[in-house]
Amino acid sequence: MWLYNKTTEIKPGRGWTDKDGNQQPPNWNIWDADYKKSMNIEEITLEARPDSRFYNWIDNGLGGVSNITAKSLDDYNRQVQSKDSDGESIYLDKDGKEILGKDIKEGEGKNYTAKMEDYKDSDGNVVKVKGIRSGYIDQVKQQQGSLLAQTDWAVIRKADAGTAIPTKIATWRAAIRTKATEMEKAITDAKDMDAFIALFVSWDKDGKKSGILFDWPELEE
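What follows is the structure, encoded as C-alpha cells:
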C-alpha cells in the first residue's frame, strides 16, 4: 500500500489532498521514485495478518498486529464475571483477594482482574463453547452426508426394486466413509495448532501434496 506523510493511505487511480490543501491527480502513481519521495509518498508492506480461522489478534492498522493467540482446539466452558448476591461485579487483586467493583477507587482498575466463573443455563448445566476440533468434525460429517446424498438414489432403488448398486458407486461410498473416519481421527489426534493446520491440503514448491482435510475421493464416471 502507499502512504502519504506516513499516515494517510492513497490509492492509484484516486485523487487526494495533501497537507497544504492541494488536490493531487488520480494518476499520481506514474510519478517517478524521486518525485514520490519529495512528496512524502512511500510504499509499505503491511505485516501479514494471521489466519482468522485459527487465531485471534488485535489489529493495530499501520502498526501491525499484536496479542496473537491461537483459538482453542478443544471445547471449553463459557465464562462470565462473578457477581455477589446483590449483582455487584467481583474482582481480584494481585494476591487473589476479592473486591467489589464499586469499592475500586478511580484510576486503580488496572490493579485488578475480573473474577470469572462458569456460565450455567436455566437448568444449571455448564454451557460449553465449541473449540475448533468440534467445528471441523461437524464440517466433515456435513460434507460426508452431502456427498453420499448424490448417490442415495442407488441405495433407495436397491431397497425398492432389488436392483444392485453399481460397483463404482458402492466402492466410492465406502471410500467416502473411510476418508471421513480418517479425517475425524486426524482432527482428534492433532496435538497443537501447528499440527492441526498441517492437516489442510497444501502443495509445496515442487507440487507435492500434503494434508488430509476435505480431500475427498472422486466418483469415477
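Using my numbering, read the sequence shown as starting at 903 and increasing by one per residue. Beta carbons: idealized from backbone N, C-alpha and C, even for Gly.
Would you check if the stretch 1010 to 1018 and the stretch 1054 to 1073 touch, i.e. whether three or more CB-CB distances between them fall below 8 Å?
-> no
Close-in-space but distant-in-sequence residues of the same chain around Ser974 (CB under 6 Å, 5 per side omitted) = Gly1033
With a 10 Å radius around its C-beta and 16 neighbouring C-beta atoms as the bar for buried, classify Arg1075 as buried or exposed.
-> buried
May I have the straight-line CA-CA distance separating Trp1055 from Gln1046, to the nearest angstrom?
-> 16 Å
Determine the DSSP secondary structure at Glu1019, reduced to helix, strand or coil.
-> strand
Would you mind stating whether Tyr1038 and Gln981 have Cβ atoms separated by less than 8 Å?
-> no
Just how far apart, CA to CA, sit Gln1044 and Asp1023?
-> 28 Å
For Leu1050, the first and last residue of its enclosing alpha helix (DSSP H) = 1034 to 1051
For Lys1081, count neighbouring C-beta atoms within 10 Å of its own C-beta (all shown protein chains included) and say buried if the count is 16 or more, exposed if not.
-> buried
Reference Ser1104; option with closest CA among Ser1112, Ser1048, Ile1089 = Ser1112
With a threshold of 16 other CB atoms inside 10 Å of the CB of Met1018, please say whether the residue is buried or exposed.
-> exposed
Could you tell me the distance, in whole angstroms, from the CA atom of Gln983 to the CA atom of Lys1007?
-> 19 Å
Identify whether Ala972 lies in helix, strand or coil by the three-state DSSP scheme.
-> strand
Where do the N-terminal and C-terminal ends of the alpha helix (DSSP H) with Val1057 fall, by residue?
-> 1054 to 1063
Simplified DSSP state of Phe1116, which is helix, strand or coil = coil
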